[in-house]
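Trainee:
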Amino acid sequence: MSGVRTLVLGGSGLIGAHVVDVLRERGHAAVTAGRSAGDHRLDVRSATAEQLRAVLAGCDGVVMATRTDEQRPLPKPVYPALRRDMVEPVVRLFAAARAEGVSSGVLMGSYYTYFDRLHPEWRLAERHPYVRCRLEQAREGRAAGVPVAVLELPFVFGRAGDRLPNWAGPLDRWARSRFPLTAPPGGTAVTTARHVAEAAVDALESRSDADIPVADENLTWAEMIGRIAAAAGRPRAVRRLPAAVVRAALRGGGAVQRASRKESGVDPSHLAGLLLAELFVEPVTGRPVDAAIRESFSSR
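Right, here's the structure in full:
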């Protein structure tokens, strides 16, 4: 696969912008679409099949790099709203892609689906509507018959212009403050936007239909927060937060949501089990992430 044309939905975002760069570096043409920027103005969540076919015309590949805020509380039940925003657009997109002769696609997913396969006893899809929708995205998107690779992403560091990880702002303010830094037990896999983009283009070029976990390093929460503080110019020790405190705080958050008749895609009542676990992906690439952490949190 060389010199082909790919539509990147969310091409002005953090990951999408890097995907566009890698495509062009490898000699491919990239067309972008997004709600507020891009070659085409298009909200994939509400776009019709006809609108999707129009922007896919002449394309050989498609990458969906839009994002979903799984933490935002919504009126109960949250699942129908998440399915409408996450799953139904994917179904329409890949049906349109097949009709236009698109030969490969990539979805940006979550490493929660990796852990759902690895640890079925965690019952992630049952407990968290967001994880359920991620699994349905992959299954129903592939049903159209186009090879679709799903990149299962952990925390992603980096920047593209003024685009930063959506969770970077609160952590940046905390790291620069005079408040103590604390972290629970457990940890997470991490990667960079550039490495995600390279994995996406690799998948397009090979017409992969695999679930592909992407991870460069596994860090404890204390290690990650410590590196962020150093990048922000306020290096200091990170104190251990007792697991019991984490469980109590998240149970309280779940109770508040229930009292307000709201839900989020990741249920706070069951989130402690994730935060206190080692959300580590194996194998990791071993590629360094420090430069991308500095891009995300250094003084701007």
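Numbered according to UniProt numbering, the sequence shown spans residues 1 to 300. Positions of the beta carbon are idealized from the N, C-alpha and C atoms, including for glycine. All figures in this text were calculated on a predicted structure; none of them were measured in a lab.
Distance, Cα to Cα, G13 vs S36?
Mentor: Taking the sequence shown and counting its residues from 1, one reaches residue 13 at position 13. Taking the sequence shown and counting its residues from 1, one reaches residue 36 at position 36. Going by the C-alpha atoms only, they are around 10 Å apart.
Trainee: Going by DSSP, name the residue or residues bridged to M64.
Mentor: The sequence position of residue 64 within the sequence shown is 64, counting from 1. According to DSSP, which records beta bridges pairwise, M64 is partnered with L9, L107.
Trainee: Taking 9 Å as the CB-CB limit, is K76 close to chain D?
Mentor: Of the protein chains in this structure there is only one, and it is not chain D.
Trainee: Can you tell which of R53, G273, Q257 has the C-alpha that lies nearest to the C-alpha of P89?
Mentor: The residue you call residue 89 lines up with position 89 of the sequence shown. It is R53.
Trainee: List the DSSP bridge partners of D211.
Mentor: Here residue 211 refers to the residue found at position 211 when the sequence shown is read from its first residue. Answer is V150.
Trainee: Just grab the DSSP bridge partners of K262 for me.
Mentor: Counted from its first residue, the sequence shown places residue 262 at position 262. Answer is P75, bridged to K262.
Trainee: Verify whether the separation of the beta carbon atoms of A292 and T192 is less than 9 Å.
Mentor: The count along the sequence shown starts at 1 and reaches residue 292 at position 292. The count along the sequence shown starts at 1 and reaches residue 192 at position 192. Contact: yes.
Trainee: If you compare alpha carbons, which of H270, M224, S46, L93 is closest to A125?
Mentor: Walking along the sequence shown from the start, residue 125 turns up at place 125. Cα-wise, what sits closest to A125 is H270.
Trainee: Below 8 Å, can you find three or more Cβ-Cβ pairs linking the segment 276-290 to the segment 78-98?
Mentor: No: the two stretches stay apart, fewer than three of their Cβ pairs being nearer than 8 Å.
Trainee: Classify E282 as helix, strand or coil using the three-state DSSP reduction.
Mentor: Here residue 282 refers to the residue found at position 282 of the sequence shown. Coil, per DSSP.
Trainee: Roughly how many angstroms separate the alpha carbons of Y111 and Y130, rounded to a whole number?
Mentor: Position 111 of the sequence shown, counted from the start, is the residue given in the question as residue 111. Position 130 of the sequence shown, counted from the start, is the residue given in the question as residue 130. Approximately 12 Å between the Cα atoms of the pair.
Trainee: At a cut of 8 Å, does the segment 233-240 reach the segment 169-183 through at least three beta carbon pairs?
Mentor: Cβ pair count under 8 Å is three or more, so yes.
Trainee: Rounded to whole angstroms, how far is the Cβ of V214 from the Cβ of L275, which I believe are closer than 8 Å?
Mentor: As a first step, residue 214 must be located in the sequence shown, where it is residue number 214. As a first step, residue 275 must be located in the sequence shown, where it is residue number 275. No, V214 and L275 are not in contact; Cβ-Cβ is about 21 Å, not under 8 Å.
Trainee: How far does the beta strand (DSSP E) with F155 in it reach, from first residue to last?
Mentor: For the purposes of this step, residue 155 is taken as the residue at position 155 of the sequence shown. F155 -> beta strand (DSSP E) spans 155-157.
Trainee: Using the three-state DSSP reduction, which class does L275 fall into: helix, strand or coil?
Mentor: For the purposes of this step, residue 275 is taken as the residue at position 275 of the sequence shown. Reduced to three states, the DSSP call for L275 is helix.
Trainee: Do the segment 137-156 and the segment 193-213 meet, that is, are 3 or more Cβ pairs less than 8 Å apart?
Mentor: Taking 8 Å as the limit for Cβ pairs, the verdict is that the segment 193-213 does touch the segment 137-156.
Trainee: Return the Cβ separation of D60 and R5 in integer angstroms, given the expectation that the two are a contact with Cβ distance under 8 Å.
Mentor: Numbered from 1 along the sequence shown, position 60 holds the residue referred to as residue 60. Numbered from 1 along the sequence shown, position 5 holds the residue referred to as residue 5. The Cβ separation is near 6 Å, so the contact holds.
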